[in-house]
Every structure is written in structure tokens, then in C-alpha cells.
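J.: There's a structure below that I have some questions on.
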Amino acid sequence: MAHSVLIVDDAAFMRMMIKDILSKNGFEVVGEAADGQQAVDQFEELKPDLVTMDITMPEKDGIQALKEIKAMDPNSTVIMCSAMGQQAMVIDAIQAGAKDFIVKPFQADRVLEAINKALD
804 MAHSVLIVDD
814 AAFMRMMIKD
824 ILSKNGFEVV
834 GEAADGQQAV
844 DQFEELKPDL
854 VTMDITMPEK
864 DGIQALKEIK
874 AMDPNSTVIM
884 CSAMGQQAMV
894 IDAIQAGAKD
904 FIVKPFQADR
914 VLEAINKALD
């Protein structure tokens, strides 16, 4: 059965890029969110196998959303997405429970490697 994925990024273009990579590789994208609050709400509703989470977003950032998702489901699998130069935030995210991180701009092989590793 295909793994279900929730894609969280405030940039529609970035969501589209990840969705494209995942869809072509047998993953089922069950939801998309544009900010951290939507991410938490959709996670609760959809219970996806995996969440790709942008770090910098309006309303609620990715690290706050990650913490709330982890509080809801300690076994949730979340991979952070960050632009170069966000190393300190990436470390915070890993400490908060993120499984891995992907750097923008996305490279399909790196995205799939991180996701497959996180889901193992």
C-alpha cells in the first residue's frame, strides 16, 4: 500500500514540486497545508504516514507545528524542509523529533532518500 503524505509549505510552488516527486514514486499525497496551524489540523484529521514540513511559515512555524504533531502522535514521521542557511533551525527541529531534513531547492533523489530512510 502506498504511504500517505501531508505536504506543508507556505509556497504553493514548493508543495507542487514535492507532490510531483512523491506522486511519480508511488506515494499518495493526502493533504497540503500552507502554514503550521493547517498542518496540525490536517495531521489530526488525516493521520498521514509522513509529513514534509517547511520551517519558515506564517501563523505558526514548522518547528512549533512539529512539536504539536509530536505531542499528538509521538511516533509520527516528520521531515523538515529548509533553505540553505537555516542550520540552527534544522538542529532545533531534529531535537524536537524531526526524522531528517531536505534542503531547497529540492532534488528528487535526495527527497526520496530522506523519505525512504525515515519510513524504514
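Just add 803 to the spot in the sequence shown (first one is 1) and you have this note's numbering.
No residue lacks a Cβ here, since even glycine has one placed at the ideal position from N, Cα and C.
Given the structure is predicted, the values throughout are model-derived calculations rather than measurements.
(1) Looking at the structure shown, is I882 part of a helix, part of a strand, or coil, going by DSSP?
(2) So which of I858, K850, A891 and A886 has the shortest CA-CA distance to D838?
(3) For I882, which of I866, V854, D823 and M817 has the nearest alpha-carbon?
(4) Give the secondary structure of F830 by DSSP, where H, G and I count as helix, E and B as strand, and everything else as coil.
(5) Between E847 and M875, which are expected to be in contact by the criterion C-beta below 8 Å, what is the C-beta distance as a whole number of angstroms?
(6) If you follow the alpha helix (DSSP H) that I858 is part of, which residue opens it and which one closes it?
(7) Going residue by residue through the stretch 835-869, where are the continuous alpha helix (DSSP H) segments of at least 4 residues, counting only ones entirely within it?
(8) With DSSP collapsed to three states, give me the class of F904.
(9) Excluding sequence positions up to five away, which residues of its chain have a Cβ less than 7 Å from the Cβ of K873?
T.: Taking the structure as given:
(1) On the sequence shown, residue 882 is found 79 positions in, with the first residue counted as 1. Strand at I882.
(2) Translated into positions along the sequence shown, residue 838 becomes position 35. Selected option, being the one with the closest Cα: I858.
(3) As a working mapping, residue 882 is identified with position 79 in the sequence shown. Of I866, V854, D823 and M817, the residue nearest in Cα terms is V854.
(4) Translated into positions along the sequence shown, residue 830 becomes position 27. Coil.
(5) Start at 1 with the first residue of the sequence shown, and residue 847 comes out as number 44. Start at 1 with the first residue of the sequence shown, and residue 875 comes out as number 72. Rounded, the Cβ-Cβ distance is 6 Å, consistent with contact.
(6) By one-based count along the sequence shown, residue 858 stands at place 55. Element bounds for I858: n/a, residue is neither H nor E.
(7) The stretch 835-869 contains these whole alpha helix (DSSP H) runs: 839-849.
(8) Taking the sequence shown and counting its residues from 1, the one referred to as residue 904 is at position 101. DSSP places F904 in strand when its eight states are reduced to three.
(9) As a working note, residue 873 is residue 70 in the sequence shown. Result list for K873: S879, A899 and G900, in chain order.
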